[in-house]
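Everything below concerns the one structure shown next.
Residue numbers (the numbering used here): 3 to 263.
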């Protein structure tokens with residue numbers, strides 16, 4: 003079955019207001035920026051997003067956040083985004099913080115048909131005991147707090163019950179994909195992408211290189227096409243933003259500095 007779509011805009015056009023959307027990426031690494039921007043242009047709002055983080059102020063999911071299209075996010079890390087902090091503290095955004103490994107397993111479990119699982123992560127903390135502020139009121143009080151979770155002993159060790167995640171849609175990015183939806187990711191850009199793809203009922207993948215079905219070595223496939231319903235080639239494969247550029251001083255600078263001292 004050929005799963006290719008002609009454009010990112012067409013591939014996300016049916017995402018409605020209020021949809022739940024799992025989004026791959028870690029920081030700005032491996033984010034499906036074409037699909038995110040297409041979703042912004044499509045105008046869908048009231049979105050419930052599940053992603054490791056929510057982009058930066060002017061990139062990734064941050065563009066949807068700035069446009070007030072996201073009302074709730076389930077994430078592990080929410081730094082690097084001042085607008086995120088402002089909306090959260092002002093009571094405009096609901097935030098469910100989840101330990102990073104737990105979030106990864108919640109997505110994987112959802113895609114594997116596992117409704118819930120026990121984990122030791124979070125035992126003895128507000129993750130298990132409840133009370134984490136999910137949403138603030140305008141006056142700064144807590145409007146919605148996280149509930150207490152069920153715990154249970156296994157072999158004398160306490161574990162907390164976590165429910166899996168299934169979303170209406172998932173948006174991911176891969177280095178290579180074929181027309182059947184099989185995906186190959188590059189190095190650390192794999193991050194949350196396969197897990198987000200598994201969790202989505204309709205998964206849309208943007209790929210830097212699109213190849214015919216049968217061209218990929220089956221042993222090289224990181225995510226089988228059974229988890230992907232739509233594939234679209236990115237407009238500019240070379241477009242990749244660096245979140246924080248850190249460079250070492252050049253030899254000339256180092257010499258000049260040493261001489262100056």
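Ideal Cβ placement from N, Cα and C applies to all residues, glycine included. On a predicted model such as this, the values are computed, not experimentally measured, just so you know.
Quiz prompt | Local Cβ density within 10 Å of residue 247, reported as buried at 16 or more and exposed below that | solution = Residue environment: residue 247 is assigned as exposed (fewer than 16 neighbouring CB atoms within 10 Å of its CB, all protein chains considered).
Quiz item: Taking the C-alpha atoms as reference points, what is the distance between residue 206 and residue 252?
Solution: 43 Å
Practice problem: Report the residue ranges of all beta strand (DSSP E) runs contained in full by the region 89-124; include only those spanning at least 3 residues, in chain order. | Solution: DSSP runs (the beta strand (DSSP E)) wholly in the region 89-124: 96-99 and 118-121.
Practice problem: Starting from the Cα of residue 197, find the closest Cα among 18, 26 and 9 and give me that residue. | Solution: 26
Quiz item: What span of residues does the alpha helix (DSSP H) with residue 41 cover, start to end?
Solution: 35-44
Quiz item: From this set, 151, 114 and 98, which residue's C-alpha is nearest residue 122's C-alpha?
Solution: The shortest CA-to-CA distance from residue 122 to any of 151, 114 and 98 is the one to 151.
Quiz item: If you draw a straight line from the alpha carbon of residue 229 to that of residue 130, how long is it in whole angstroms?
Solution: 31 Å
Quiz item: According to the Cβ coordinates, are residue 134 and residue 140 closer than 8 Å?
Solution: no
Practice problem: Measure the Cβ-Cβ separation of residue 53 and residue 22 and say whether it is below 8 Å. | Solution: no
Practice problem: Count the other C-beta atoms from every protein chain shown that fall within 10 angstroms of the C-beta of residue 162, then say buried if there are 16 or more, exposed otherwise. | Solution: Buried, since its Cβ has 16 or more Cβ neighbours within 10 Å.
Exercise. Just list the beta strand (DSSP E) runs in the region 152-192, keeping only unbroken ones of 3 residues or longer that don't cross its boundaries, in chain order.
Key: Taking only runs of at least 3 residues, the beta strand (DSSP E) segments lying wholly in the region 152-192 are 153-156, 159-165 and 169-180.
Practice problem: Identify the continuous alpha helix (DSSP H) that holds residue 49 and give its terminal residues. | Solution: Taken as a continuous stretch (DSSP letters only), residue 49 belongs to no alpha helix (DSSP H), being part of the beta strand (DSSP E) at 49-52.
Quiz item: For residue 191 versus residue 201, is the C-beta distance shorter than 8 Å?
Solution: Residue 191 is not a Cβ neighbour of residue 201, given a cutoff of 8 Å.
Quiz item: What number of angstroms, rounded off, separates the C-alpha of residue 158 from the C-alpha of residue 126?
Solution: 15 Å
Quiz item: residue 18 by DSSP, collapsed to three states: which one?
Solution: coil
Self-check item: Integer Cβ distance of residue 19 from residue 47, believed to fall under 8 Å
Solution: 5 Å
Practice problem: Grab the span of the beta strand (DSSP E) containing residue 209 for me, first residue to last. | Solution: 202-213
Quiz item: Going by the beta-carbon positions, is the gap between residue 165 and residue 118 smaller than 8 Å?
Solution: yes
Quiz item: Just how far apart, CA to CA, sit residue 77 and residue 169?
Solution: 14 Å
Quiz item: Do the CB positions of residue 5 and residue 182 come within less than 8 Å of each other?
Solution: yes
Quiz prompt | Nearest-angstrom beta carbon gap, residue 185 and residue 225 [assumed within contact, 8 Å] | solution = 4 Å
Quiz item: So residue 145 is in the beta strand (DSSP E); what residue range does that whole segment cover?
Solution: Run containing residue 145: 144-147, per the beta strand (DSSP E) assignment.
Quiz prompt | Beta-carbon gap between residue 49 and residue 71 smaller than 8 Å | solution = yes
Practice problem: Sort 13, 3, 83 and 187 by Cα distance to residue 245 and report the nearest one. | Solution: 83
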